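For reference, the structure discussed in these notes is given below.
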Amino acid sequence: MLEQRLQRLVNTGTPVTFVAIDCDRLKLINDTQGHQEGDRIITLLAKAIKTSIRKSDYAIRLGGDEFCIILVDYAADLAIHLPERIIRNLQIIAPDKTVHFSAGIYNMQPNDTINDAYQASDAQLYLNKQQKQHRSS
Numbered sequence: 001m002l003e004q005r006l007q008r009l010v011n012t013g014t015p016v017t018f019v020a021i022d023c024d025r026l027k028l029i030n031d032t033q034g035h036q037e038g039d040r041i042i043t044l045l046a047k048a049i050k051t052s053i054r055k056s057d058y059a060i061r062l063g064g065d066e067f068c069i070i071l072v073d074y075a076a077d078l079a080i081h082l083p084e085r086i087i088r089n090l091q092i093i094a095p096d097k098t099v100h101f102s103a104g105i106y107n108m109q110p111n112d113t114i115n116d117a118y119q120a121s122d123a124q125l126y127l128n129k130q131q132k133q134h135r136s137s
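Residue numbers (UniProt numbering): 1 to 137.
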């Protein structure tokens, strides 16, 4: 259902943007500070994501430390600022904590499936992580 809705929107010219988010250093946090602290970091990131998007958008935790945000009818030039908004909201929610994450952004194209769009945003995330772009650290 969601895939059909998103494809219909894209085919009629409505922008749909996928943002892949990956919490950096979570394994290290779990190993050195315990899984309870790792869970706290994931919860803080989820709250900051929720606070950073509109009610018409989608925020999905895919598992572990991975999230996918789907922005509907959101200008592509504004979408690139979403990671910065998440960082600001993290600083408000937990001023005593530093949460590091990486992000990848992809604008869904006609005939893309949800999987295609997510995979493209995830590939961009890992490219950004390697190049240290769109990172909160």
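From the three backbone atoms N, C-alpha and C, an ideal C-beta is built for every residue, glycine too. Since we're looking at a predicted model, the values are computed, not measured.
Contacts around ILE42, its chain only, beta-carbon distance under 7 Å, and the 5 residues preceding and following it disregarded: Against the sequence shown, residue 42 aligns to sequence position 42. Correct list, in chain order: CYS23, ASP65.
Option nearest GLN73 by Cα separation, candidates LYS55, TYR118, PRO83, GLN119: Here residue 73 corresponds to residue number 73 of the sequence shown, with the count starting at 1. Going by the sequence as given, residue 73 is Asp instead of Gln. Comparing Cα-Cα distances from ASP73 to each of LYS55, TYR118, PRO83, GLN119, the minimum goes to LYS55.
Residue span of the alpha helix (DSSP H) that contains ALA120, given as start and end: Working through the sequence shown from its first residue, we reach residue 120 at position 120. Run containing ALA120: 114–131, per the alpha helix (DSSP H) assignment.
Whole alpha helix (DSSP H) elements within the stretch 53–122, 4-residue minimum: 76–79, 82–93
Nearest to ALA48 (by Cα), restricted to the options THR32, MET108, HIS100, MET1: Mapped onto the sequence shown, residue 48 falls at position 48. With distances taken between Cα atoms, ALA48 lies closest to HIS100.
Contact set for THR113: own chain, Cβ-Cβ below 7 Å, skip 5 residues either direction: One-based indexing of the sequence shown puts residue 113 at position 113. Cβ neighbours of THR113 beyond the five flanking positions: GLU3.
Beta carbon of SER52 nearer than 7 Å to that of ASN89: Mapped onto the sequence shown, residue 52 falls at position 52. Mapped onto the sequence shown, residue 89 falls at position 89. Here SER52 is near ASN89, since their CB atoms are less than 7 Å apart.
Paired residues, beta bridge with VAL10 - DSSP: Start at 1 with the first residue of the sequence shown, and residue 10 comes out as number 10. In the DSSP assignment, VAL10 is bridged to no other residue.
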